[in-house]
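Student: Chains as they are written, first to last, in our numbering: chain P, 8 to 316; chain L, 117 to 398.
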Amino acid sequence: MTKNKLKHKSDKIFFFTTLITPVIVALLLLLIIPFISGFALSFRQQSVSDMSGKFIGFANYVDILSEKRFWRVFATTASYTLLSVILCTFIGFVAALCLHTQTPFKGIFRAINVIPWAAPPAVISIIWTQIYSKAYSPLNDILLRFGIVRNQIDWLGYIGRGYTPFNLPLLCLVVVYGWICYPFVMLMILSGLQSIPDELYEAATVDGARDIQKLVYITLPSLKPFLVVVVTLLFIWTFQYFNLNYMLTHGGPRGYTEIFSIFIYDTAFEKFNFGKASALGILMSVSLFIPSYYYIRLALHQAREKRLK
Amino acid sequence: MTLKQSNRIKTFIKLVIVLLFSSFGLFPFIWLFLTSLKPYSILYKLPLKWFDKAMNFSNYLNMLKEVPVFRHLFITFIVGIFVAILAVTISTGAGYILSHFNFRGNFFLTLMLLISQMLPQIVIMVPLYFLLLQLGLVNNLVGLVVVYTGMAIPFSTLMLRSYIETAYSKNLEDSARVDGCTYFQIYFHITVPLCMPGIAAVALFAFMIIYEEFMWANVLITRNSIKTIQSALYSFFGIYSSGTSGGIASAAGFVVTIPTIILAFFLQRYLVTGLTAGAVKE
Chain P
8 MTKNKLKHKS DKIFFFTTLI TPVIVALLLL LIIPFISGFA LSFRQQSVSD
58 MSGKFIGFAN YVDILSEKRF WRVFATTASY TLLSVILCTF IGFVAALCLH
108 TQTPFKGIFR AINVIPWAAP PAVISIIWTQ IYSKAYSPLN DILLRFGIVR
158 NQIDWLGYIG RGYTPFNLPL LCLVVVYGWI CYPFVMLMIL SGLQSIPDEL
208 YEAATVDGAR DIQKLVYITL PSLKPFLVVV VTLLFIWTFQ YFNLNYMLTH
258 GGPRGYTEIF SIFIYDTAFE KFNFGKASAL GILMSVSLFI PSYYYIRLAL
308 HQAREKRLK
Chain L
117 MTLKQSNRIK TFIKLVIVLL FSSFGLFPFI WLFLTSLKPY SILYKLPLKW
167 FDKAMNFSNY LNMLKEVPVF RHLFITFIVG IFVAILAVTI STGAGYILSH
217 FNFRGNFFLT LMLLISQMLP QIVIMVPLYF LLLQLGLVNN LVGLVVVYTG
267 MAIPFSTLML RSYIETAYSK NLEDSARVDG CTYFQIYFHI TVPLCMPGIA
317 AVALFAFMII YEEFMWANVL ITRNSIKTIQ SALYSFFGIY SSGTSGGIAS
367 AAGFVVTIPT IILAFFLQRY LVTGLTAGAV KE
């Protein structure tokens, strides 16, 4: 009996080790070690002019924080993130509310509104390059036909009177991001709406509540946990977003739309200053610490709750 | 105003709003399709024409001649399949352990997975690029597979953990153990077959993420002949490559979108749970 138990135990340990080792190795090699070595690299001189890798303390950080460009990038990123999150959440929320209750062709509309979320980035850039172009843009065409503007607008090249965090090219990119991400919000809110019991609404109807009152006193409070997750996640994603901003404007015109990730990319792979780029990466992680901490706490809490059930 | 009338008005207003945002969502694709049907001669003529008698499918034929879209699609499929199989193999095991074993590192490992899921790829890109450069894996599809597998593991493990947790009753395992099955036998003969729908969905989801990945592909592969589809499309039709016709670009874009729409259709449920793995109750 004891021999059997012993065999069982060693079998268990062998099984456990075999299954858990690959994931630990992968995490270490591809995420944890790179992050730590990036942290180390941020204190070193490692650029195309000087690949020595000698330790220079906080010089990279001082260099970044004393640079005007960095603070402009930060302002641009903050404004881009804030506006994008508001836009996605607003459209997605309205879409979910409309498509939850009985509407004609509900299924078809739901399917249509998932497509932007699924479309690949390179294709999105092909489409929006055309929409925002100057001469052959359908957007300009509509505006001209209805006499809203007199001249064609160069959407992604508009310079105006100087940089502001709310310049036109950046707003155009916000619209693109809103277009990509509202389906995500819609799907999340829809699954939230399904979790609200119908009895609540029926009781409210009996009590003579109006639609607006139902929205404010039943729907919004019940959706709060879902909205918190949506907004936190969107914030984290938008803050580090890269694809379409890189593809559509490359940070231009004159750096008007340069956001954090573009700045890092430019420093690392166009100016080849790897030390400084690593320092920028660390600064980005620090900026994302609070929302990530909040999100992870939420996730762990709900995982535990689920297990207890 | 009777109740019926007011309900009808409400439905009408709702329908108007639905049409409004649905056309915002769909219009760009309609424009893409229209552009893909316009030959060069009418595409760049002002005033802009939305429809024209001369519209045809010539751009699609020219695309086949001028741009090796299918070659790059093939490369992307190979990379995606490798990554999906690798990531799912590793993640199923890890997900099983995380959901069935109570050990001291369980919480810590889950925490690590969540952190790596939140960590911006661009932050680890510089050091990882350096590492791959030393290993000779830059401009090499193996390097891309390795990076993508690391990217896919956190969300696949979290998704599979919660799937395996509820896929079947634990009594099944207990009775198998009483009958003398080893842990490996239980895993391969009970867990894996019973969790196959979840495993397949996660594999497809990982494939879709890889299919749409651009940043790493753009940095790691600079040789034109082995680019994956997103960075290939970008290098053919991006802002720095004027000269190619917008019609051909749109035709290629339309072809490349089709697989993702099919995938999204199958994965509707997972489009959200995959990305929020762990944080939302189902």
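We treat Cβ as the ideally placed atom computed from N, Cα and C, and that holds for glycine. Keep in mind the model is a prediction, meaning the values are calculated, not measured.
For the stretch 217-231 of chain P against the stretch 190-201 of chain P, are there 3 or more C-beta pairs whose distance is under 8 Å?
Tutor: yes
Student: From K278(P) to V261(L), what does the alpha carbon distance come to, in whole angstroms?
Tutor: Looking up residue 278(P) in the first sequence gives position 271. Looking up residue 261(L) in the second sequence gives position 145. About 26 Å.
Student: First and last residue of the alpha helix (DSSP H) that includes Q53(P)?
Tutor: Position 46 of the first sequence, counted from the first residue, corresponds to residue 53(P). For Q53(P), there is no enclosing alpha helix (DSSP H), as DSSP marks it with neither H nor E.
Student: Taking the Cβ atom as the reference point for each residue, do N252(P) and I243(P) lie within a distance shorter than 7 Å?
Tutor: Here residue 252(P) refers to the residue found at position 245 when the first sequence is read from its first residue. Here residue 243(P) refers to the residue found at position 236 when the first sequence is read from its first residue. For N252(P) and I243(P), no; Cβs fall outside 7 Å.
Student: Given that a residue counts as buried once 16 or more other Cβ atoms are within 10 Å of its Cβ, and exposed if not, what is A33(P)?
Tutor: Reading the first sequence from its first residue, position 26 is the one you call residue 33(P). By the neighbour-count criterion, in which a residue is buried when 16 or more other Cβ atoms sit within 10 angstroms of its Cβ, A33(P) is buried.
Student: In the stretch 123-144 of chain P, which residues sit with their C-beta less than 9 Å from some C-beta in chain L, listed in chain order?
Tutor: P123, W124, A125, A126, P127, P128, A129, V130, I131, S132, I133, I134, W135, T136, Q137, I138, S140, A142, Y143, S144
Student: Output, in chain order, the set of chain L residues within a Cβ distance shorter than 9 Å of G288(P).
Tutor: The sequence position of residue 288(P) within the first sequence is 281, counting from 1. Those within 9 Å of G288(P) in chain L are P236, I238, V239, I240, M241, V242, P243.
Student: Quick one: using the 10 Å Cβ neighbour count with 16 as the cut-off for buried, is Q250(L) buried or exposed?
Tutor: If you number the second sequence from 1, residue 250(L) lands on position 134. Per the 10 Å Cβ criterion, exposed.
Student: Would V195(L) and F352(L) qualify as a contact pair, given that the criterion is a beta-carbon distance under 7 Å?
Tutor: In the second sequence, residue 195(L) corresponds to position 79, counting from 1. In the second sequence, residue 352(L) corresponds to position 236, counting from 1. The answer is no: Cβ separation not under 7 Å.
Student: Counting Cβ pairs closer than 8 Å, one from the stretch 225-238 of chain L and one from the stretch 300-310 of chain P, do we hit at least three?
Tutor: At 8 Å Cβ cutoff, the stretches touch.
Student: List the residues of chain P that S157(L) touches, going by C-beta distances under 7 Å, in chain order.
Tutor: In the second sequence, the residue the question calls residue 157(L) occupies position 41. Chain P residues near S157(L): none, gap ~14 Å exceeds 7 Å.
Student: Given a limit of 9 Å on CB to CB distance, which residues of the stretch 322-348 of chain L reach chain P?
Tutor: M324, Y327, E328, E329, F330, M331, N334, V335, I345, Q346, S347, A348
Student: Buried or exposed for Y224(P), going by 16 or more other Cβ atoms inside 10 Å?
Tutor: Along the first sequence, one-based indexing puts residue 224(P) at 217. Answer is exposed; the Cβ neighbour count stays below 16.
Student: For C311(L), which of T208(L), M171(L), L150(L) has the nearest alpha-carbon?
Tutor: As a first step, residue 311(L) is located in the second sequence; it is residue number 195 there, counting from the start. Considering only alpha carbons, the answer is T208(L).
Student: Please decide whether V69(P) counts as near chain L, where near means a Cβ-Cβ distance under 7 Å.
Tutor: By one-based count along the first sequence, residue 69(P) stands at place 62. Closer than 7 Å: no.
Student: With a threshold of 7 Å between beta carbons, is V372(L) in contact with chain P?
Tutor: Against the second sequence, residue 372(L) aligns to sequence position 256. Yes - at least one Cβ of chain P is within 7 Å of the one on V372(L).
Student: CB L175(P) to CB Y184(P), shorter than 7 Å?
Tutor: For this step, residue 175(P) is matched to residue 168 along the first sequence. For this step, residue 184(P) is matched to residue 177 along the first sequence. No.
Student: Taking 7 Å as the CB-CB cut-off, is G314(L) touching chain P?
Tutor: Here residue 314(L) refers to the residue found at position 198 when the second sequence is read from its first residue. Not closer than 7 Å to any Cβ of chain P, the Cβ of G314(L) fails to qualify, so no.
Student: In whole angstroms, what separates the C-alpha of G369(L) from that of I345(L)?
Tutor: Translated into positions along the second sequence, residue 369(L) becomes position 253. Translated into positions along the second sequence, residue 345(L) becomes position 229. C-alpha separation (whole angstroms): 10 Å.
Student: For G72(L), would you say it is in contact with chain P, using Cβ-to-Cβ distances shorter than 7 Å as the test?
Tutor: This structure cannot settle anything about residue 72(L), because the visible part of chain L is limited to 117 through 398.
Student: Report all residues from its chain with a CB closer than 7 Å to the CB of T338(L); omit the five preceding and five following residues, and keep chain order.
Tutor: Counted from its first residue, the second sequence places residue 338(L) at position 222. The residues are N255.
Student: Run the CB neighbour count on R76(P), radius 10 Å, all protein chains shown included, and call it buried at 16 or more, exposed below.
Tutor: Working through the first sequence from its first residue, we reach residue 76(P) at position 69. Burial call: exposed.
Student: From which residue to which residue does the alpha helix (DSSP H) around E277(P) run?
Tutor: Position 270 of the first sequence, counted from the start, is the residue given in the question as residue 277(P). Careful: E277(P) lies outside any alpha helix (DSSP H) and carries neither H nor E.
Student: With contact counted as at least three CB pairs below 8 Å, one residue from each stretch, are the stretch 256-276 of chain L and the stretch 192-206 of chain L in contact?
Tutor: yes
Student: Residue ranges of each alpha helix (DSSP H) run of no fewer than 4 residues wholly in the stretch 81-127 of chain P, ordered along the chain?
Tutor: 113-119, 122-125
Student: Looking at the structure shown, is F62(P) part of a helix, part of a strand, or coil, going by DSSP?
Tutor: Within the first sequence, residue 62(P) is the residue found at index 55, counting from 1. Looking at F62(P) - three-state DSSP - the assignment turns out to be strand.
Student: With DSSP run on the structure shown, which of helix, strand or coil describes T208(L)?
Tutor: Position 92 of the second sequence, counted from the start, is the residue given in the question as residue 208(L). Reduced to three states, the DSSP call for T208(L) is helix.
Student: Just checking my contact of F116(P) with V134(L) at CB under 8 Å: how many whole Å lie between their CB atoms?
Tutor: Indexing the first sequence from 1 puts residue 116(P) at position 109. Indexing the second sequence from 1 puts residue 134(L) at position 18. Right, their Cβ atoms sit about 6 Å apart.
Student: In chain order, which continuous runs of the beta strand (DSSP E) of length 3 or greater are located wholly inside the stretch 160-189 of chain P?
Tutor: List check, beta strand (DSSP E) in window: nothing returned.
Student: Roughly how many whole angstroms lie between the Cα atoms of Y170(P) and L207(P)?
Tutor: Reading the first sequence from its first residue, position 163 is the one you call residue 170(P). Reading the first sequence from its first residue, position 200 is the one you call residue 207(P). Taking the straight line joining both Cα atoms gives about 50 Å.
Student: Considering only residues of the same chain and omitting the five flanking positions on each side of Q301(L), which have a CB-CB separation below 8 Å?
Tutor: On the second sequence, residue 301(L) is found 185 positions in, with the first residue counted as 1. Excluding residues within five positions, the ones whose Cβ falls inside 8 Å are A292.
Student: DSSP three-state label for S347(L), please.
Tutor: As a working mapping, residue 347(L) is identified with position 231 in the second sequence. Three-state result, S347(L): helix.
Student: Does S272(L) have its Cβ less than 7 Å from a Cβ in chain P?
Tutor: Here residue 272(L) refers to the residue found at position 156 when the second sequence is read from its first residue. No, S272(L) does not count as interfacial toward chain P.
Student: Quick one, which residues of the stretch 278-304 of chain L are near chain P if we go by CB-CB under 8 Å, in chain order?
Tutor: For chain P, the residues of the stretch 278-304 of chain L that bring a beta carbon within less than 8 Å of one of its beta carbons are S278, E281, T298, Y299, F300, Y303, in chain order.
Student: Return the residue from the list I378(L), L162(L), H216(L) that minimises the CA-CA distance to K286(L).
Tutor: Against the second sequence, residue 286(L) aligns to sequence position 170. The candidate whose alpha carbon is nearest that of K286(L) is H216(L).
Student: Near L379(L), which residues of its chain fall below 7 Å by C-beta distance, leaving aside the five closest residues on each side in sequence?
Tutor: In the second sequence, the residue the question calls residue 379(L) occupies position 263. Cβ neighbours of L379(L) beyond the five flanking positions: L320, M324.
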